[in-house]
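Chemist: The structure is given below, and queries will be raised subsequently.
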Amino acid sequence: MILSKKTRIMFPISLVLFELIVYVTNDMMQPAMLEVVKYFNVSVEWIPTSLTAYLSGGMCLQWLFGPLSDKYGRRPIMFFGVCFFIFSCLLITITNNIKQFMFVRFMQGMGLCFIGTIGYTTIQETYKEKHCIKLIALMANIALAAPLLGPLGGTIIIKIFPWQKMFIGFSLIACLSLLGLFCFMPEPIKNKNNNISFLNLFKNYKFILKDLKFLCGAFSIGFANVPLISWIALSPMIMVSKCKLTMISYAILQIPVFLGLILGNVTLGFLSKKNDLYNLITFAGKPLVIGLILTVFSVFMKTYSSLWLTFSLGIYAFGLGIANPCLTRVTLFSSKFKKGSVSAVMGMITIMILISNIELAKTIFLWKNVIGFNILNMLNGFTWLFFIINFFIRNKKIYKLLKNIKI
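Right under this line is the structure:
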């Protein structure tokens, strides 16, 4: 597809603005959740549930939005998603109890469906492979401003304004993204006359789920991201409620983790010029696993244990920043099926893994404290390694695929 220079620039900017604000509603709200639970007079155990509800919303309708965008086009489905997100940001300001709050958080999480299933799939379809990988890595760096600045920003803003005002601000920024997408988002789907039915959807997903190449990629993406997402969910409980750190200290200690993620994405941009996906994934696996192993030993440090923990997670995040774009690319194109459906299944599998592990991490943390949380993260790293070794490296067909795909 031939795009104008303005479209090539403004579409990714508009998309990443929406992505940024969807992520910010989570990353700024996690530290603010301490005020939310006080506002509704409930226990701190509800804090990680906010992220669980959010991710559940991101999973629930991916199976539908992907195929709908294959039939009706990417643009109308994307516009609906942004409008729905704006509505949910306004609705949450009038919730009366924690259960209503969590339900609307579930609604807000549906915004995640449209970022990967619609937005990034459109990027993959409209840009050439080499430019696509670099563009996604660049967009990821911009989007990473959310987890990097979100906790600190949320900590500062919640001391000045009530949490309801934060969501009003989110909705206004999302309106700017909607305007940009309406003006500049291309439509890669030309044939919109394909019939769609629930029976066909079931058959399509059954076909995709039989593809071991695809499944190993989707599972590896999910398990690779578990430690990071679990940290985002539980770090207010770990740092503030358990370790008795101030909110500012908690926010500052997030920096090593997300700085590592950004450095990984930047490093990918340099390494991708001379390396194929196989070499990049192999390289990324070393800091990813080593960092998670170090988190277990960090709890035995008598001084600065919190700093050691976040530094170790930063090493892991560096590897994740390199591995994620590579795994996403090879997984999406490992299946010959329509990319909207493939992306939807990939997103659902990933989020199911994240949701189950967040709740498991919360239970283990309440039972065995930080050491149990770190051991679970390390096991997730080894699970990721298992899928990579047994499916990507030892399977000759996958090995050839990785060796031949240049970025």
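Numbering-wise (this note's numbering), the sequence shown opens with residue 21 and increments by one. Ideal Cβ positions, reconstructed from N, Cα and C, are used throughout, including at glycine. Keep in mind the model is a prediction, meaning the values are calculated, not measured.
Check this for me: beta carbons of Gly360 and Thr146, under 8 Å apart or not?
Modeler: In this structure, Thr146 does not lie closer than 8 Å to Gly360 by Cβ.
Chemist: Helix, strand or coil: how does DSSP classify Asp231 here?
Modeler: Here Asp231 sits in coil by DSSP.
Chemist: Following the continuous alpha helix (DSSP H) through Cys195, name the residue where it begins and the one where it ends.
Modeler: Counting along the chain, the alpha helix (DSSP H) containing Cys195 begins and ends at 183-204.
Chemist: For Pro32, tell me which candidate among Asn116, Arg94, Ile156 has the shortest Cα-Cα distance.
Modeler: When only C-alpha atoms are compared, the closest one is Ile156.
Chemist: Drop a sphere of 10 angstroms on the beta-carbon of Phe38, count the other beta-carbons inside from all chains shown, and report buried for 16 or more, exposed for fewer.
Modeler: So Phe38 ends up on the buried side.
Chemist: Does the Cβ-Cβ distance between Leu300 and Leu291 come in under 8 Å?
Modeler: It is a contact, given that the beta carbons lie within the stated cut-off.
Chemist: Quick check on Lys223: does DSSP put it in helix, strand or coil?
Modeler: Helix at Lys223.
Chemist: Closer than 7 Å by C-beta to Lys358: which residues in its own chain qualify, once you throw out the five before and the five after it? Chain order, please.
Modeler: Here the set comprises Asp90.
Chemist: With a threshold of 8 Å on Cβ separation, who are the neighbours of Ile249 within its own chain once the five nearest residues in sequence on each side are excluded?
Modeler: Within the same chain, Ile249 has close Cβ partners Leu71, Leu75, Leu374, Asn377, Ile378.
Chemist: In three-state terms, what does DSSP make of Phe38?
Modeler: In this structure, Phe38 counts as helix in the three-state DSSP scheme.
Chemist: DSSP state of Ser24, grouped into three classes?
Modeler: Ser24 falls in the coil class under three-state DSSP.
Chemist: Apply the 10 Å Cβ neighbour rule to Leu329 and answer buried if 16 or more other Cβ atoms are within range, or exposed otherwise.
Modeler: The residue is buried, with at least 16 neighbouring Cβ atoms inside 10 Å.
Chemist: Given Ile241, which residues of its chain have a CB within under 6 Å of its CB, disregarding the five upstream and five downstream residues?
Modeler: The answer, listed in chain order, is Leu347, Thr370.
Chemist: Measure the C-alpha to C-alpha separation of Tyr336 and Phe123 and round it to an integer number of angstroms.
Modeler: In a straight line, the C-alpha of Tyr336 is about 32 Å away from that of Phe123.
Chemist: Just to confirm, is the Cβ distance from Ser197 to Val44 under 8 Å?
Modeler: No. Outside cutoff.
Chemist: Given Cys109, which residues of its chain have a CB within under 8 Å of its CB, disregarding the five upstream and five downstream residues?
Modeler: Once the five neighbours on either side are set aside, the close Cβ partners of Cys109 are Thr45, Gln128, Phe187, Ile188, Phe190, Ser191, Ala194.
Chemist: Return yes when the Cβ of Ala244 is within less than 8 Å of the Cβ of Asn389, no when it is not.
Modeler: No, the Cβ-Cβ distance between Asn389 and Ala244 is not below 8 Å.
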